[in-house]
Each structure stands twice: as C-alpha cells, then as structure tokens.
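In my numbering, the protein residues as written are 2 to 176.
Note that beta-carbon positions come from the ideal geometry of N, C-alpha and C, so glycine has one too.
These numbers were taken from a predicted model, which means no experiment stands behind them.
Worksheet: one structure, shown below.
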Ligand code: GNR
Ligand code: NI
C-alpha cells in the first residue's frame with residue numbers, strides 16, 4: 002500500500018483555502034492520488050479532498066462501495082471535479098468529516114448530481130451520484146472550495162461542534 006498522509010483537523014486554515022485547478026496529470030499527481038486513497042482507507046472514510054492532507058490542488062478520492070458491500074473496493078479519483086447538474090429534490094443525510102473527528106450532523110443537499118472530472122487515466126469522465134454518493138461528492142468538492150459541512154448548520158451548532166473538536170485536540174496534544 003502507498004504511504005499515507007496526516008489528515009488535517011479544524012481549525013487549520015488550509016481547510017478554508019480554495020484549491021487550484023490541475024493543469025496536467027503527471028506521475029507525481031498519480032502518486033498523490035494513491036497516497037490519498039491509502040489515507041482514506043486507513044482512516045477509514047468514504048472520501049478525501051486534497052485540502053485535508055494539506056495540498057491545494059483540485060483532487061478528490063472516493064469509495065462508497067464498502068458501505069453496501071463490505072470488502073469491495075471501487076476507488077474513484079477525480080481531478081478538477083465539477084458539478085454539472087443537480088436534482089431539484091433534496092436529501093438529508095447525517096454527515097461526518099475526517100477533519101472534524103467524532104462530530105456528525107444532518108445536512109440537506111441535492112439528492113442527485115452529475116459530476117464531470119478528469120480520471121486517474123487522464124481522460125474526461127462524467128458520473129451520476131445519488132443519496133450517500135451525492136452527499137459525499139458534494140462534501141468533497143466543498144472542501145476544494147474551503148467549505149465544511151458545519152457551514153450548513155446554524156452558527157450555534159457549528160460553534161458547538163468546532164469548540165468540541167478543538168477541546169479534544171488540545172487534550173490530545175497536551176498529553
Ligand atoms: O467518511 C466520510 N463520510 C461521509 C458521510 C456522509 C457524508 C460525507 C462523508 S465524507 C467523510 C470523509 C471526509 O471527511 N471527506 O471529506
Ligand atoms: Ni470531509
């Protein structure tokens with residue numbers, strides 16, 4: 002398995018920065034995607050965006066297969082992902098984030114989306130996601146824009162969650 006990255010936790014400012022579009026798909030970029038997948042599987046999570054490992058390029062990895070079918074791996078790597086269609090119908094899902102450990106909240110988003118991106122192979126792809134997959138891909142593209150799931154909550158809930166994580170992180174680093 003590829004080396005893993007350290008996952009960055011709130012309130013690190015890199016999580017609030019906008020990642021830059023990738024110009025060309027190079028071997029070092031494929032190595033980054035391999036390492037991001039290894040980091041995501043180890044965590045474990047169903048998605049990971051470059052900002053979460055301190056890199057500011059528009060790269061996302063995902064795998065929602067294990068949820069339905071434990072043991073199966075269906076990794077998806079997306080370079081420069083863009084949402085090109087969203088459903089009118091909304092969906093509410095309890096979201097979590099590897100950068101906001103241990104905290105979960107219901108978030109409402111479009112129930113289905115179509116996403117275009119450049120794949121691991123360097124060619125353009127277009128995929129349809131719904132339900133958990135749609136929540137995950139929208140959550141990941143938000144990361145590339147410096148947006149976190151807590152931004153969809155009331156400021157009261159958001160601040161409560163961020164304070165809890167900061168307190169837990171402080172306890173961990175002091176010890
Ligand atoms: O592992 C994750 N689970 C999840 C559940 C519902 C909606 C989104 C996600 S993404 C999250 C991993 C993560 O933080 N990706 O950025
Ligand atoms: Ni996240």
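Just curious, the beta strand (DSSP E) that residue i is in, first and last residue?
{"i": "residue 148", "result": "Looking at the DSSP string, residue 148 is not in any beta strand (DSSP E), and its letter there is neither H nor E."}
Put residue i into one of helix, strand or coil per three-state DSSP.
{"i": "residue 50", "result": "strand"}
{"i": "residue 138", "result": "helix"}
{"i": "residue 1", "result": "Absent from the structure is residue 1, since the part of the chain shown begins at 2 and ends at 176."}
Would you mind stating whether residue i and residue j have Cβ atoms separated by less than 8 Å?
{"i": "residue 151", "j": "residue 84", "result": "no"}
{"i": "residue 111", "j": "residue 87", "result": "yes"}
{"i": "residue 120", "j": "residue 65", "result": "no"}
{"i": "residue 129", "j": "residue 81", "result": "no"}
{"i": "residue 50", "j": "residue 145", "result": "yes"}
{"i": "residue 8", "j": "residue 44", "result": "yes"}
{"i": "residue 54", "j": "residue 73", "result": "no"}
Could you check how far apart the C-beta atoms of residue i and residue j are, in whole angstroms? I think they sit under 8 Å.
{"i": "residue 37", "j": "residue 15", "result": "Residue 37 to residue 15, Cβ: 15 Å. No contact."}
{"i": "residue 48", "j": "residue 140", "result": "6 Å"}
{"i": "residue 21", "j": "residue 60", "result": "With a Cβ gap of about 10 Å, residue 21 and residue 60 do not count as contacting."}
{"i": "residue 142", "j": "residue 106", "result": "Actually they do not touch by this definition, with Cβ atoms about 19 Å apart."}
{"i": "residue 114", "j": "residue 96", "result": "Wrong, their Cβ atoms sit about 15 Å apart, outside the cutoff."}
{"i": "residue 136", "j": "residue 92", "result": "7 Å"}
{"i": "residue 166", "j": "residue 11", "result": "6 Å"}
{"i": "residue 98", "j": "residue 26", "result": "In fact, because the Cβ distance is near 27 Å, the residues do not count as touching under 8 Å."}
The alpha helix (DSSP H) spanning residue i covers which residue range?
{"i": "residue 178", "result": "No statement about residue 178 is possible, as the shown extent of the chain runs from 2 to 176 and does not include it."}
{"i": "residue 167", "result": "156–175"}
Complete beta strand (DSSP E) runs within the stretch 62–135 (minimum length 3 residues, chain order): List check, beta strand (DSSP E) in window: 77–87, 91–98, 101–111, 113–119 and 125–131.
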